[in-house]
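**Q**
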Amino acid sequence: MKQRAQFATKIGVIATTVGSAVGLGNIWRFPYEAGTHGGGAFLMVYLMCVFIIGVPVLCAEFVMGRGTHKNVRGAFKQLHSSRLWHFCSYTGILASLMIISFYSVVAGWVLEYFFQAISGTLTDPTAASHASTRFSAFCSSTFRPVMWTVLFLAINHLIVSRGVQKGIERVSNTLMPMLAFILVALCINGVLLPGAAEGLTFFFLPDFSQITPSVILGAMGQAFFSLSLGLSCMLIYSSYFSDDVRLVRSATTIALLDTLVAVLAGVIVFSAVFSYGVQPEQGPKLVFEVFPSIFAEMPGGYVWAVLFFLLLFFASITSTISMSEISIAFFSEEYSMSRNKAAVISTTIAVVFGIICALSFGVLSDLTIFGMTVFSLFDFVSSNILLPVGGVMFSIFVGWFLDRTFLRNQLTNNGSVKVYTFKIIVFLMRFIAPTAIITIFIYGLI
Ligand code: TRP
83 MKQRAQFATK
93 IGVIATTVGS
103 AVGLGNIWRF
113 PYEAGTHGGG
123 AFLMVYLMCV
133 FIIGVPVLCA
143 EFVMGRGTHK
153 NVRGAFKQLH
163 SSRLWHFCSY
173 TGILASLMII
183 SFYSVVAGWV
193 LEYFFQAISG
203 TLTDPTAASH
213 ASTRFSAFCS
223 STFRPVMWTV
233 LFLAINHLIV
243 SRGVQKGIER
253 VSNTLMPMLA
263 FILVALCING
273 VLLPGAAEGL
283 TFFFLPDFSQ
293 ITPSVILGAM
303 GQAFFSLSLG
313 LSCMLIYSSY
323 FSDDVRLVRS
333 ATTIALLDTL
343 VAVLAGVIVF
353 SAVFSYGVQP
363 EQGPKLVFEV
373 FPSIFAEMPG
383 GYVWAVLFFL
393 LLFFASITST
403 ISMSEISIAF
413 FSEEYSMSRN
423 KAAVISTTIA
433 VVFGIICALS
443 FGVLSDLTIF
453 GMTVFSLFDF
463 VSSNILLPVG
473 GVMFSIFVGW
483 FLDRTFLRNQ
493 LTNNGSVKVY
503 TFKIIVFLMR
513 FIAPTAIITI
523 FIYGLI
């Protein structure tokens, strides 16, 4: 039998998983969510969600993936005989294809802005003063958004079809250090802007009166999205871990680094936003409509703009390769087809839905289901419904249905490492995570 792929090094394990976690979710979505949900208050609730719900669910996915070295359906099949659980694997496959479709549209916008930044149009003062109309005109047009979405998915395809070690691991190992470097540079520039302190106060000082059920739901959804949870994305990556990787430690490291990036991105965005007197509650358009005019005024704005969009591109591509891997591993292992063929199938599906999502700001904007465009529907159904459902499923399965010895052996590497937090993790996984997710979920929906 052909040997199953594995990540080559420990650095590779961290680079790939953190690469998956750090994405548009941290740099684009987190700041606007925090901006619309009261800044510091949101940050506080978010931190609690990451460590009380996120880390245990991450451990649950790791136990299943590393414990079986299989894709999500293979893992459920090996670990339990009930058909019901096997069926659960499909929500992850479905949601991953939905997420990659709308995610690639935003990544496509990033490519457009990156090229505009390089050519200088982005920071040209007259163009920048119309940044908002220019953005609407761009995303409601037909050709360019579709072209960038397809181009982005093609780059993604080239990487994933090269395989786990030569494609995914190598790209993550190269891009993640560059990402860290750009992030720190932008951050230093941010805090040095005049008036940045006001932004930092907004972002770090919690105003508890702002905490409402919708803030909590938003924070939980954001934590799932940002940690790549609930879709078996971390499950599939951990199936490429070797048996001596420490699962609890890796989960904690990933959560810490992912949160650090989100916080640094918040610092970058809020220093700039307050320094240039813009309202922080702009929502999803924050980065695309507001930033060009900020960069146009900022000293050295050309360079910062190029770096900022390059950062967003690196962050997105290391995330989408992890989403593709879910369906690629599923198709290739469950239907015994070649990796290439599986990659072609998954890219084709993503391209078709990606184009529909890209057009839902323009020619297809009238095509609505439950009052949402295809883009918003995919975002809503996957992030707000399928991710929490997946999270509950993994934590309940691993906490209650999985053999206890198997769980212990995975978390402690067959007893060879002492995990001081073992009891806490298992307690959170069995009781707190599922109850919290279900409560917040029901509350948020009504
Ligand atoms: N975590 C990534 C981000 O923050 C997005 C992502 C990658 C994701 N894989 C995922 C989200 C799986 C949910 C599930 O941008």
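For reference, each letter of the sequence shown is one residue, going 83 to 528 in this note's numbering. Virtual Cβ for every residue (Gly too), placed ideally from N, Cα, C.
1) Which same chain residues, not among the five before or five after valine 351, have their C-beta less than 6 angstroms away from its C-beta?
2) Assuming phenylalanine 89 and glutamate 251 form a contact by the criterion Cβ under 8 angstroms, report the distance between their Cβ atoms to the nearest whole angstrom.
3) With a CB to CB cut of under 6 angstroms and the five nearest residues on each side skipped, what residues in its chain are close to valine 369?
4) Near threonine 455, what residues of its chain come up, given a Cβ to Cβ distance below 8 angstroms and the 5 sequence neighbours on each side ignored?
5) Using three-state DSSP, classify isoleucine 451 as helix, strand or coil.
6) Just tell me which of Leu393, Phe391 and Asp325 has its CA closest to the CA of valine 499.
7) For alanine 236 and arginine 421, what's the separation of their Cα atoms in angstroms?
8) Alpha carbons only, please: which of Gly156, Pro207 and Asp289 is nearest the one belonging to phenylalanine 377?
9) Rounded to a whole number of angstroms, what is the C-alpha to C-alpha distance between leucine 261 and leucine 393?
10) Within 10 angstroms of its Cβ, does serine 357 collect 16 or more other Cβ (buried), or is it exposed?
11) Using a Cβ-Cβ cutoff of less than 7 angstroms, which residues in the same chain neighbour phenylalanine 234 once the five nearest sequence positions on both sides are dropped?
12) Within the present structure, is the beta-carbon of methionine 405 separated from the nearest heavy atom of the ligand NAD by less than 7 angstroms?
13) Just verifying my parser: in three-state terms, what is the DSSP assignment at histidine 162?
14) Classify leucine 311 as buried or exposed, calling it buried when 16 or more other Cβ atoms lie within 10 Å of its own Cβ.
15) In this structure, how does DSSP classify histidine 212 when only helix, strand and coil are distinguished?
16) Once DSSP output is grouped into helix, strand and coil, what is the label at methionine 130?
17) Can glycine 348 be considered in contact with the ligand TRP, in the sense that its beta carbon sits closer than 7 angstroms to one or more heavy atoms?
18) When the Cα atoms are used, what is the spatial distance from phenylalanine 457 to threonine 150?
19) Locate the alpha helix (DSSP H) running through glutamate 416, then write down its first and last residues.
20) My guess is that alanine 354 and glycine 272 are in contact by the Cβ rule of under 8 angstroms, so how many angstroms apart are they, rounded?
21) Given this structure, state the Cα-to-Cα distance separating methionine 83 from valine 388, to the nearest angstrom.
22) Verify whether the separation of the beta carbon atoms of isoleucine 318 and isoleucine 408 is less than 8 angstroms.
23) Measuring alpha carbon to alpha carbon, tell me which of Thr517, Ile524, Thr231 and Leu510 ends up nearest cysteine 141.
24) Quick check: does the Cβ of glycine 105 come within less than 7 angstroms of any heavy atom belonging to the ligand TRP?
25) Can you give the beta carbon distance from isoleucine 182 to methionine 405, rounded, assuming they're within the 8 angstroms contact cut?
26) Which one of Ala116, Ala518, Gly382 and Thr487 has the shortest CA to CA distance from leucine 282?
27) Under the three-state reduction of DSSP, which class applies to methionine 180: helix, strand or coil?
**A** This is what the structure holds:
1) Walking along the sequence shown from the start, residue 351 turns up at place 269. Excluding residues within five positions, the ones whose Cβ falls inside 6 angstroms are Pro113.
2) In the sequence shown, residue 89 corresponds to position 7, counting from 1. In the sequence shown, residue 251 corresponds to position 169, counting from 1. With 8 angstroms as the limit, phenylalanine 89 and glutamate 251 qualify as a contact, their Cβ atoms being about 5 angstroms apart.
3) Within the sequence shown, the letter at position 287 stands for residue 369. If we look at valine 369 and ignore the five residues flanking it on each side, its Cβ neighbours are Trp110.
4) For the purposes of this step, residue 455 is taken as the residue at position 373 of the sequence shown. Counting only Cβ-Cβ distances below 8 angstroms, and skipping sequence neighbours, we find Ser442, Phe443, Leu446, Ser447 and Leu449.
5) For this step, residue 451 is matched to residue 369 along the sequence shown. Isoleucine 451 falls in the strand class under three-state DSSP.
6) Here the question's residue 499 lines up with position 417 in the sequence shown. Among Leu393, Phe391 and Asp325, the Cα nearest to that of valine 499 is on Asp325.
7) Within the sequence shown, numbered from 1, the residue matching residue 236 stands at position 154. Within the sequence shown, numbered from 1, the residue matching residue 421 stands at position 339. Their Cα atoms are separated by approximately 16 angstroms.
8) As a first step, residue 377 must be located in the sequence shown, where it is residue number 295. Ranking the options by Cα distance to phenylalanine 377, first place goes to Pro207.
9) Position 179 of the sequence shown, counted from the start, is the residue given in the question as residue 261. Position 311 of the sequence shown, counted from the start, is the residue given in the question as residue 393. Between leucine 261 and leucine 393, the C-alpha separation is close to 6 angstroms.
10) Within the sequence shown, the letter at position 275 stands for residue 357. Buried.
11) Your numbering for residue 234 matches position 152 in the sequence shown. Result list for phenylalanine 234: Ser186, Ala189, Gly190 and Leu193, in chain order.
12) The ligand NAD is absent from the structure shown, which contains only the ligand TRP.
13) Taking the first residue of the sequence shown as 1, we reach residue 162 at position 80. Three-state result, histidine 162: coil.
14) Your numbering for residue 311 matches position 229 in the sequence shown. Its Cβ being crowded by 16 or more others within 10 Å, leucine 311 is buried.
15) Here residue 212 refers to the residue found at position 130 when the sequence shown is read from its first residue. Histidine 212: coil per DSSP, three-state reduction.
16) Reading the sequence shown from its first residue, position 48 is the one you call residue 130. Helix.
17) Here residue 348 is taken as the residue at index 266 of the sequence shown, counted from 1. Checking the Cβ of glycine 348 against the ligand TRP gives no.
18) In the sequence shown, residue 457 corresponds to position 375, counting from 1. In the sequence shown, residue 150 corresponds to position 68, counting from 1. Going by the C-alpha atoms only, they are around 35 angstroms apart.
19) Position 334 of the sequence shown holds residue 416. Start and end: 383–416.
20) On the sequence shown, residue 354 is found 272 positions in, with the first residue counted as 1. On the sequence shown, residue 272 is found 190 positions in, with the first residue counted as 1. Right, their Cβ atoms sit about 6 angstroms apart.
21) If you number the sequence shown from 1, residue 83 lands on position 1. If you number the sequence shown from 1, residue 388 lands on position 306. Low confidence applies to methionine 83: its pLDDT is 49, below 50, so where it sits in the model is not reliable, and the reading given next is rough at best. Using only the alpha carbons, I get a separation of about 47 angstroms.
22) Here residue 318 refers to the residue found at position 236 when the sequence shown is read from its first residue. Here residue 408 refers to the residue found at position 326 when the sequence shown is read from its first residue. Yes, the pair counts as a contact, with Cβ atoms nearer than the cut-off.
23) By 1-based counting over the sequence shown, the position of residue 141 is 59. Cα-wise, what sits closest to cysteine 141 is Leu510.
24) Working through the sequence shown from its first residue, we reach residue 105 at position 23. Yes, the beta carbon of glycine 105 sits closer than 7 angstroms to at least one heavy atom of the ligand TRP.
25) The residue labelled residue 182 in the question sits at position 100 within the sequence shown. The residue labelled residue 405 in the question sits at position 323 within the sequence shown. Rounded, the Cβ-Cβ distance is 4 angstroms, consistent with contact.
26) Looking up residue 282 in the sequence shown gives position 200. Here the closest residue by C-alpha is Ala116.
27) The residue labelled residue 180 in the question sits at position 98 within the sequence shown. In this structure, methionine 180 counts as helix in the three-state DSSP scheme.
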